[in-house]
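Q: Sharing a structure, written as structure tokens. Questions coming.
Residue numbers (the working numbering): 4 to 371.
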């Protein structure tokens with residue numbers, strides 16, 4: 004899709020600009036979420052935040068950010084969430100509720116393509132739709148997206164991995180999100196990682212269709228072999244099962260890409276049970292406080308930190324401003340979404356890849 008594939012020649016510049024922008028505006032705090040139906044109540048501007056699930060601290064933190072912004076601006080904020088990652092039906096019902104309630108706008112992290120028709124219905128009814136973290140497919144099903152550049156975040160951890168390997172053969176296990184639906188956050192992170200490694204991708208919207216062996220050109224370069232792709236549903240137990248399946252197929256895996264930090268934690272447990280945790284690089288994307296702690300402990304070797312609190316705060320503020328002044332939010336320069344930035348977090352710096360350590364990342368992480 005265009006929104007996450009049009010910046011190839013400007014990745015380094017965009018990463019730096021996005022990270023500076025994201026970090027400069029952040030004022031994050033670790034606080035617990037609340038999934039009540041109405042998180043504010045006195046405002047005249049109705050906004051519904053519809054997240055994927057509240058089992059992932061990323062989305063709980065997003066709710067916290069939205070509530071903070073709603074309290075400041077007097078917005079009537081309603082919260083909804085899928086019962087699990089991929090639950091489209093509950094999200095569709097929440098969209099229908101927002102239309103019936105006469106809300107001014109919707110903030111949503113879409114669970115899949117089935118929500119697109121409901122979003123169109125909402126926009127036709129006059130609601131302004133902002134996608135957070137995950138753009139719908141097609142991207143123009145939302146008015147704008149506030150998100151991490153997921154391809155660039157994947158590219159960061161891929162570049163770090165290639166440098167860290169120092170020319171050693173990479174036997175790679177790919178722990179993705181889904182295997183039964185196409186979601187942009189899934190394929191952009193996966194394909195960004197491979198690009199960062201210097202592995203040619205085929206269709207950039209399809210996981211697992213690249214050559215299963217060949218040469219990677221990142222770092223000093225070397226041979227690679229892809230042991231397989233397994234879905235995790237973005238959960239710790241799913242990550243463990245996925246890793247167990249990958250190890251059964253190829254016990255020589257020494258690099259593990261994971262869609263997020265809960266999946267990475269599960270993958271590590273499977274590696275530990277197999278006695279391979281010390282010989283395998285585990286990389287991920289999220290930057291939550293628990294994930295940053297796992298970087299400090301060596302459970303995750305490197306992660307790309309993103310900023311869900313900022314996404315939600317900006318979303319609430321944008322809809323409030325639209326209601327008050329008619330002014331619509333704008334995309335980042337050169338992109339067709341607003342890039343909220345990312346930073347590579349690792350305790351093992353490598354040449355040519357900018358990063359921060361866990362101590363610095365813990366000051367701006369989210370969740371518990």
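Quick reminder that beta carbons are idealized off the backbone N, C-alpha and C, glycines included.
Less than 9 angstroms between the beta carbons of residue 161 and residue 260, yes or no?
A: Indexing the chain shown from 1 puts residue 161 at position 158. Indexing the chain shown from 1 puts residue 260 at position 257. Cβ atoms of residue 161 and residue 260: closer than 9 angstroms.
Q: How is residue 334 classed by DSSP in three states: helix, strand or coil?
A: Indexing the chain shown from 1 puts residue 334 at position 331. Residue state, collapsed to three classes: coil.
Q: Pull up the distance between the alpha-carbon of residue 330 and that of residue 187, whole angstroms please.
A: Mapped onto the chain shown, residue 330 falls at position 327. Mapped onto the chain shown, residue 187 falls at position 184. About 28 angstroms.
Q: Can you tell which of 238, 256 and 122 has its C-alpha closest to the C-alpha of residue 88?
A: Taking the chain shown and counting its residues from 1, one reaches residue 88 at position 85. Nearest option by C-alpha distance: 238.
Q: Between which two residues does the beta strand (DSSP E) containing residue 258 stretch?
A: In the chain shown, the residue the question calls residue 258 occupies position 255. 258-261 is the extent of the beta strand (DSSP E) around residue 258.
Q: Nearest CA to the CA of residue 266: which residue from 176, 211, 163 and 340?
A: Along the chain shown, read from residue 1 onward, the residue named residue 266 stands at position 263. If we check each option's Cα against that of residue 266, 176 comes out closest.
Q: So for residue 350, helix, strand or coil by DSSP?
A: Stepping through the chain shown from its first residue, residue 350 is reached at position 347. Here residue 350 sits in coil by DSSP.
Q: Where residue 315 and residue 48 are concerned, what is the direct C-alpha to C-alpha distance, given to the nearest angstrom?
A: By 1-based counting over the chain shown, the position of residue 315 is 312. By 1-based counting over the chain shown, the position of residue 48 is 45. Approximately 16 angstroms, taken between the alpha carbons.
Q: Does the count of Cβ pairs from the region 150-165 and the region 114-132 closer than 8 angstroms reach three?
A: Contact between the region 150-165 and the region 114-132 is absent, because fewer than three Cβ pairs lie under 8 angstroms.
Q: So residue 50 packs on residue 135, CB below 8 angstroms; how close in whole Å?
A: Here the question's residue 50 lines up with position 47 in the chain shown. Here the question's residue 135 lines up with position 132 in the chain shown. So it is not a contact: roughly 12 angstroms between Cβ atoms.
Q: Give me, in chain order, the residues of the same chain whose beta-carbon lies closer than 6 angstroms to that of residue 320; leave out the 5 immediate sequence neighbours on both sides.
A: Along the chain shown, one-based indexing puts residue 320 at 317. Excluding positions up to five away in sequence, the list reads 72.
Q: Run through the region 86-139 for me and flag every whole alpha helix (DSSP H) of 4 or more residues, listed as ranges in chain order.
A: With a minimum length of 4 residues, the continuous alpha helix (DSSP H) runs that stay inside the region 86-139 are 91-103 and 119-127.
Q: In angstroms, rounded to a whole number, what distance separates the CA positions of residue 366 and residue 349?
A: Along the chain shown, one-based indexing puts residue 366 at 363. Along the chain shown, one-based indexing puts residue 349 at 346. The alpha-carbon atoms of residue 366 and residue 349 are separated by roughly 14 angstroms.
Q: Determine which residues share a DSSP beta bridge with residue 53 and list them.
A: Residue 53 sits at position 50 when you count from the first residue of the chain shown. Paired residues: 83 and 111.
Q: What does a CB cutoff of less than 6 angstroms around residue 299 pick up in its chain, not counting 5 residues either side in sequence?
A: Along the chain shown, one-based indexing puts residue 299 at 296. Only 361 meet the Cβ criterion.
Q: Buried or exposed for residue 138, going by 16 or more other Cβ atoms inside 10 Å?
A: Taking the first residue of the chain shown as 1, we reach residue 138 at position 135. Residue 138 comes out buried.
Q: For residue 216, list the residues DSSP reports as bridge partners.
A: By one-based count along the chain shown, residue 216 stands at place 213. Note: residue 216 sits in a beta bridge opposite 228.
Q: Rounded to the nearest angstrom, how far is the Cβ of residue 243 from that of residue 272, given a contact under 8 angstroms?
A: If you number the chain shown from 1, residue 243 lands on position 240. If you number the chain shown from 1, residue 272 lands on position 269. Right, the Cβ-Cβ distance comes to about 5 angstroms (below 8 angstroms), so this counts as a contact.
Q: Buried or exposed: residue 81, going by 16 or more other Cβ atoms within 10 Å of its Cβ?
A: Here residue 81 corresponds to residue number 78 of the chain shown, with the count starting at 1. Answer is buried; the Cβ neighbour count reaches 16.
Q: Going by alpha carbons, who is nearest to residue 147 out of 346, 317, 359 and 205?
A: Against the chain shown, residue 147 aligns to sequence position 144. The residue with the shortest Cα to Cα distance from residue 147 is 317.
Q: Return the residue from the list 216, 55, 232 and 127 that minimises the CA-CA distance to residue 93.
A: The sequence position of residue 93 within the chain shown is 90, counting from 1. With distances taken between Cα atoms, residue 93 lies closest to 55.
Q: Is it buried or exposed for residue 216, if we count other Cβ within 10 angstroms and need 16 for buried?
A: The residue labelled residue 216 in the question sits at position 213 within the chain shown. Exposed.
Q: Can you list, in chain order, the residues of its chain whose CB lies under 8 angstroms from that of residue 283, leaving out five sequence neighbours each side?
A: As a working note, residue 283 is residue 280 in the chain shown. Taken in chain order, the residues that qualify are 256, 257, 258, 259 and 274.
Q: Quick check: the Cα distance between residue 165 and residue 200, rounded to an integer number of angstroms?
A: On the chain shown, position 162 is the one that residue 165 refers to. On the chain shown, position 197 is the one that residue 200 refers to. If you take the alpha carbons of residue 165 and residue 200, they lie about 5 angstroms apart.
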